[in-house]
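For the record, the sequence lines run as chains X and E.
So the first sequence is numbered by the working numbering: it starts at 1 and just counts up by one.
So the second sequence is numbered by the working numbering: it starts at 1001 and just counts up by one.
What follows is a single structure, written as structure tokens, with notes after it.
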Amino acid sequence: MSIFLNKKSKVLVQGITGRDGSFHAQQMKAYGTNVVGGVTPGKGGSKVSNIPVFNTMEEAVAKTKANTSVIYVPPPFAVDAVYEAGDAGIKLIVCITEGVPANDMMKVYQYVKAHGARLIGPNCPGLISVDQAKVGIMPGTIVKKGNVGVVSRSGTLTYEAIWALTQAGMGQTTCIGIGGDQIIGTNFIDCLEAFEADRATKAIVMIGEIGGSDEEDAAKYIKKHVTKPVVSFISGQTAPPGVRMGHAGAIISSGSGTAEGKIEALNKAGVPVAGSPTEIPALLTDLIKQRKAKVAKKKVSASGKTSAKKTTKKKTVKKTAKKVTSVRKKTVSKAARGTKKTTRKASGKKVTNKRK
Amino acid sequence: MKIHEYQAKEILGAAGIPIPAGEIATSATEAFEIAERINLPVMVKSQVHAGGRGKAGGIKYAENAEAAKVLASNIIGMEIKGLTVKKVLVTAAEDILSESYVGIILDRVSKRPIIMVSPAGGVDIEEVAAKTPHKIFKLAVDPEQGLKAYQARNLAYKLYRDIAQVRAAADIIMKLYQCFWDCDASLVEINPLITNTAGKVVAIDAKMNIDDNALYRQANIEAMRDLDAENSAEIEAREGDLSFVKLEGSIGCIVNGAGLAMATMDLVKRYGAEPANFLDIGGSSNPRKVVTAMKIILEDPNVRAILINIFGGITRCDDVARGIVEAFDELQPSVPVVVRLTGTNAKEAAKILAKVKLPFENTLDDVVKKAIELAQLDVAV
């Protein structure tokens, strides 16, 4: 139904008593996110919007069983906050902070990876799994439930793309901003892999920009591994070389990382690139139609020269069949949930036994 | 942030990497005095943030102090790639037997520092990479483990056969790696690293780029910032906490978010005009930022129209609208301004903006088209 984040995610807010932390803790909670606590050294025992505040991540995780954290602390302390989250056993760490030194990121990246956790960011807007949870700063008002996965290196440009999709009636599963820095924890390929595996996601929008080679690498990956339709937009076609365009990572260095190069690589991989973010929905609709037409053609050629009527009949039959399976799935998933609960209870008992 | 060759050499010299004697001069007389003190043939090297200084005539050899004086007077004040030379480095000339390359860059893909060495130094390393890639040797270093002495030695063997020179180069590579971390560099480069007729290994040119994000803890390097190398608008923008890049077009852009700012510029081009700038007011909603932004853009005589494009998330549209009203009161813009505000508190913003009666558009594409249209009208009048 979503990637990386869902309504069961238990979220801690690192830097919850700060200006941004307290505001967004409220916003996340209002969206329905399961915000279980916050951490600010020295402020333990207090509350922010009825959310308990702890002094350390270790304590917060022990008390709340949180598995996700979001970091709003100032740049000089952000990397330490990532280490603290990792050591406390957090599995999804989302770092919103902008201005984190890249050399520190190189070190913490290796560390987080070795701990089996996922880091998103830094310098990112976070992510929303629509109607389930949001972690970060994306406005919850622009998203709509649906089946498009959105991944982007940018913040407001992502909102623009999401808004265009929503207005065109194309809802989303998860929208994720991976950040505009040179060294980031989660890249396009990680997200593409997750969207490809997510059953609810039927199409993907990928928004890139100048600098680095993540888009080119993603293009190669899409060609090999992604079966779902992907549409892209790349910003920075008019950016001069050698100058940082706001984001630390948005820089064309010695001719590499240009928008042209990225667009070419994506086109080669069968990914259409929109000329404006507002054209993304139409481009995606066209691509889906094309793919369907291809599938239909194959079916027609497979069934010989039989009339089109037959194929439509087949389709309707399939549709009803789908309905049946989806109902079945629901019952199965309910059952699955039930078993999960029992296993959890069982494991809980084990723990108490140990303590005894 | 870029620093000059002489500043990079100061850092490397202090770290124990052999560099030739030299000092910085801002006049021909100073250059003469430095050359006299060195008492050897010298190089007079322009200090500007541009590649290809030698080809542009900005690096010259002087047999003696008199010659250094003449060359310095020629080089100081000359233009290299649009930058005026204000300083020259006067440094002892070396007799070069071989030229190598040693550099460390932050690699985005492996997320590690990569050390690159090449026996084909003295030219642009990108040229070597394109033409003779087999002459470049790379090592990605585990940032947690650091660089081991044997790794530095292995790289040094790619440059020299003489064991004394290998040891010297290995020592230089180790020290350079330390400088990379100590200075929060994103790039450090010695090109060329030479051997001279005495058999010594010496760094005769150096380049360093520092991570802007780390400048808060690099006060010594921040103090090296060359304000002459930046234009006044860029300095003003930095002080106002705005992300700004001056461009050559006629459509001024004020946008929130770097990605959206770039996309807005791209659309200006797509619909037939050129952007005058990149400007990101950032995530905060401080109305003063809008005033500063508009002031900077209005100082650019090429600007024919200004477009303001805000997608409110964290940024609240009503705050931006207040900034626009303030800017109109204070600056009375001489060019047409068109606005698009959407997202958080857009309705409140529209009410506030009713006071200044600005053309208001609803979509990204429309605001760009409108700005171009108004710019053309302005020219026609």
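Cβ coordinates follow ideal geometry from the N, Cα and C atoms, glycine included.
It should be emphasised that the depicted structure is a prediction, and the values quoted were computed from it without experimental measurement.
- Check whether the Cβ atoms of X:ALA219 and X:LEU266 sit closer than 8 Å, and answer yes or no. yes
- Below 8 Å between beta carbons: does that hold for E:MET1043 and E:ALA1008? no
- Task: Check each residue of the region 71-93 of chain X: if its Cβ is closer than 9 Å to any Cβ of chain E, include it; give the result in chain order.
- Result: PRO75 and PRO76
- Message: Against X:LYS107, what residues of chain E qualify as contacts under a CB-to-CB distance less than 9 Å, listed in chain order?
- Response: PRO1143 and GLU1144
- Query: Shortest alpha-carbon distance to E:VAL1255 belongs to which of E:ASP1226, E:ILE1306, E:GLU1239 and E:MET1208?
  - Reply: E:ILE1306
- Query: Under a three-way DSSP split, which group does X:VAL61 fall into?
  - Reply: helix
- Report all residues from its chain with a CB closer than 8 Å to the CB of X:ALA102; omit the five preceding and five following residues, and keep chain order. ASP181, GLN182, ILE183 and ALA248
- Message: Once DSSP output is grouped into helix, strand and coil, what is the label at E:ALA1056?
- Response: coil
- CB contact flag (E:ALA1149, E:MET1174, <8 Å): yes
- Who are X:LYS361's beta bridge partners in DSSP? Examination of residue 361 of chain X is not possible in this model, given that chain X is present from 1 through 356 alone.
- CB of E:CYS1317 within 8 Å of CB of E:ILE1324, strictly: no
- Item | Of the residues X:TYR83, X:TYR31 and X:ILE3, the one placed nearest X:GLN14, counting alpha carbons only | X:TYR83
- Task: Please list, in chain order, all residues of the same chain as E:PRO1020 whose beta carbon is under 7 Å from its beta carbon, the five residues on each side excluded.
- Result: THR1091, ALA1092, GLU1094, VAL1202 and ILE1204
- Using only alpha-carbon positions, find the residue among X:ASP198, X:ILE263 and X:SER235 that is nearest to X:MET1. X:ASP198
- Residue closest to E:ILE1125, alpha-carbon to alpha-carbon, out of X:SER253, X:PRO272, X:ALA269 and X:VAL300: X:SER253
- Task: Taking C-beta pairs closer than 7 Å, name the residues in chain E that X:THR238 reaches, listed in chain order.
- Result: MET1265, ASP1266, LYS1269 and PRO1275
- Query: Can you find a C-beta in chain X that's less than 8 Å from the C-beta of E:VAL1381?
  - Reply: Note on E:VAL1381: pLDDT 48, under 50, position unreliable in the model; the coordinate value appears next. By this cut-off, E:VAL1381 is not an interface position.
- Message: Restricting to Cα atoms, I'd like to know which of X:ASP217, X:GLY121 and X:GLY116 is closest to X:ILE90.
- Response: X:GLY116
- Message: Less than 8 Å between CB atoms is the rule here; does X:HIS115 satisfy it with respect to chain E?
- Response: no
- By Cβ distance below 6 Å, which residues in the same chain neighbour X:PRO125 in space, the five residues on each side in sequence not counted? GLY136, ILE137, MET138, GLY155 and GLY177
- Query: Going by other Cβ atoms of all chains shown within 10 Å of its Cβ, with 16 needed for buried, is X:GLY149 buried or exposed?
  - Reply: buried
- Message: Which same chain residues end up closer than 6 Å to X:TYR159 when comparing Cβ atoms and leaving out the 5 residues on each side of it in sequence?
- Response: ILE142
- Message: For a quick check, are the C-beta atoms of X:PRO229 and E:LEU1364 less than 8 Å apart?
- Response: no
- Pick out whichever of E:GLN1218, E:LYS1045, E:ASP1212 and E:VAL1335 has its Cα sitting closest to the Cα of E:GLN1376. E:VAL1335
- Neighbourhood of E:GLU1299 by C-beta, 7 Å cutoff - its chain only, sequence neighbours within 5 removed: ALA1233
- Verify the CB distance criterion: does X:ARG328 have a CB-CB separation below 8 Å to chain E? The predicted position of X:ARG328 is uncertain, since its pLDDT is 43 and thus under 50; a value taken from the coordinates is nonetheless stated next. Not one chain E Cβ lies under 8 Å of X:ARG328.
- Hey, how far is the Cα of X:PHE4 from the Cα of X:LYS107? 23 Å
- Message: Using a Cβ-Cβ distance cut-off of 8 Å, determine whether E:LYS1355 contacts chain X.
- Response: no
- Message: So, does the region 1256-1274 of chain E touch the region 270-287 of chain X, judging by three or more C-beta pairs under 8 Å?
- Response: yes
- Query: Just how far apart, CA to CA, sit E:ASP1211 and E:ALA1185?
  - Reply: 6 Å
- Task: Could you tell me whether any Cβ in chain X is nearer than 8 Å to the Cβ of E:PHE1311?
- Result: yes
- Query: Around the C-beta of E:GLN1145, are 16 or more other C-beta atoms found within 10 angstroms, so that it is buried, or is it exposed?
  - Reply: exposed
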